[in-house]
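Note that our numbering has the sequence shown beginning at 44, numbered continuously upward. Idealized CB from N, CA, C, for every residue including glycine. Everything numeric in this text was worked out from a predicted model, so none of it was measured. Here the structure is laid out as structure tokens; the discussion comes afterwards.
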Amino acid sequence: MRRFRADLHIHSCLSPCGDLDMSPRGIVRQSLDVELEVIAVCDHNSAENVGAVMRAAAGSGLKVLAGMEVHSMEEVHTLAIFDTEEQAMAMQAVVYEHLRGTNRPDIFGDQVVANERDEVEGFNDRLLIGATTLRLEEIVALVHHLGGLSVASHVDRPSYSVTSQLGFVPADLGVDALEYAGEEIWDAPREDGSRFPAVRFSDAHFPAQIGQRFTVFLMESASVEEIRKALRGEGGRSVVTS
Ligand SMILES: [Zn+2]
Ligand SMILES: [Zn+2]
44 MRRFRADLHI HSCLSPCGDL DMSPRGIVRQ SLDVELEVIA VCDHNSAENV
94 GAVMRAAAGS GLKVLAGMEV HSMEEVHTLA IFDTEEQAMA MQAVVYEHLR
144 GTNRPDIFGD QVVANERDEV EGFNDRLLIG ATTLRLEEIV ALVHHLGGLS
194 VASHVDRPSY SVTSQLGFVP ADLGVDALEY AGEEIWDAPR EDGSRFPAVR
244 FSDAHFPAQI GQRFTVFLME SASVEEIRKA LRGEGGRSVV TS
């Protein structure tokens with residue numbers, strides 16, 4: 044059992060608001076520079092750059108999890124974090140079925156699909172910044188069905204968060220943790236009387252932001268199942284700092 048520094052909310056150049064320097068190699072280089080050991084690439088409503096970042100990290104010692112930041116019908120952002128690209132692609136297939144519109148690069152920015160050598164493979168023309176027609180609870184259930192972790196994004200931010208859209212954190216919200224952007228952690232109760240675990244990740248859109256917020260997990264290895272146990276405090280695993 045050891046400590047892992049994790050930043051599980053990093054956007055790549057596929058997100059229209061993500062910097063072009065957030066290329067697969069750029070993300071890996073910066074993550075290693077700031078001594079992260081586990082990251083997750085979570086682009087808006089898409090996982091098309093996840094595999095490239097995973098391959099760019101091969102042999103570097105950096106563990107890359109396959110993620111996505113899904114935009115619910117209620118305009119709430121949630122992270123979906125998986126072990127494999129295949130799981131993220133299964134999630135993406137459902138998200139794409141429930142996503143309308145075409146990107147306007149002049150307004151929202153380019154959505155660059157890159158490979159592990161940082162070459163441009165193409166441009167995604169879906170409106171990735173838009174809301175899906177999936178309800179928040181449907182997204183959480185789907186993530187769990189596919190074996191992933193579900194985390195409510197930046198719950199303390201005044202936009203696109205559970206609190207900004209619903210007014211509070213529902214006790215029956217099925218997420219595995221709440222991600223905070225600020226210093227204060229809330230005493231948010233769950234249905235069973237326990238409290239929602241708290242995590243902090245960077246939500247980086249630029250290289251310099253990677254690892255600016257991170258969470259330290261005490262666990263056996265860097266996997267979704269180990270992180271789930273750490274969040275639950277099972278088998279000696281824990282969240283050391285967030
Ligand atoms: Zn967000
Ligand atoms: Zn984000």
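Is residue i near residue j, with beta carbons less than 7 Å apart?
i	j	result
Val-96	Val-84	yes
Ala-195	Ile-53	no
Arg-68	Asp-161	yes
Val-113	Ala-123	yes
Val-116	Thr-206	Per the sequence presented here, residue 116 reads as Met, with Val not at that position. For Met-116 and Thr-206, no; Cβs fall outside 7 Å.
His-197	Ala-214	no
Ala-131	Ala-174	no
Asp-153	Val-267	no
Ile-172	His-120	no
Cys-56	Met-44	no
Glu-128	Val-93	yes
Glu-159	Arg-98	yes
Leu-189	Met-134	yes
Glu-269	Tyr-203	no
Leu-142	Arg-169	yes
Pro-59	Phe-151	yes
With a threshold of 16 other CB atoms inside 10 Å of the CB of residue i, please say whether the residue is buried or exposed.
i	result
Leu-221	buried
Pro-250	buried
Glu-227	exposed
Val-155	buried
Arg-280	buried
Gly-296	What is shown of the chain runs 44 to 285, which leaves residue 296 out entirely.
Ile-182	buried
Leu-192	buried
Ser-285	buried
Can we count residue i as close to ligand 2, meaning its CB is less than 6 Å from some heavy atom?
i	result
Asp-86	no
Glu-112	yes
Asp-62	no
Asp-149	no
Asp-199	no
Asp-230	no
Asp-246	yes
Less than 6 Å separating the Cβ of residue i from some heavy atom of ligand 1?
i	result
His-54	no
Ser-196	yes
Tyr-223	no
Tyr-203	yes
Residue i: beta carbon under 6 Å from a heavy atom of ligand 3?
i	result
Glu-118	Among the ligands in the structure shown, ligand 3 does not appear; only ligand 1 and ligand 2 can be found there.
Can you pull the DSSP bridge partners for residue i?
i	result
Ser-193	Ala-123
Arg-233	Arg-233 is not bridged to any residue.
His-87	Glu-112
Lys-106	Val-81
Asp-50	Ile-82
Ala-214	Partner(s): none; Ala-214 has no beta bridge.
Glu-222	Val-242
Val-282	Phe-260
Thr-145	Arg-169
Ala-247	Ile-53
Val-175	The identity of residue 175 in the sequence shown is Thr, whereas the question assumes Val. Answer by DSSP bridge pairing, in chain order: Leu-142.
To the nearest whole angstrom, what separates the beta carbons of residue i and residue j, a pair I think is in contact under 8 Å?
i	j	result
Val-283	Val-259	4 Å
Glu-80	Ala-49	7 Å
Ser-245	Gln-255	5 Å
Val-212	Ala-231	4 Å
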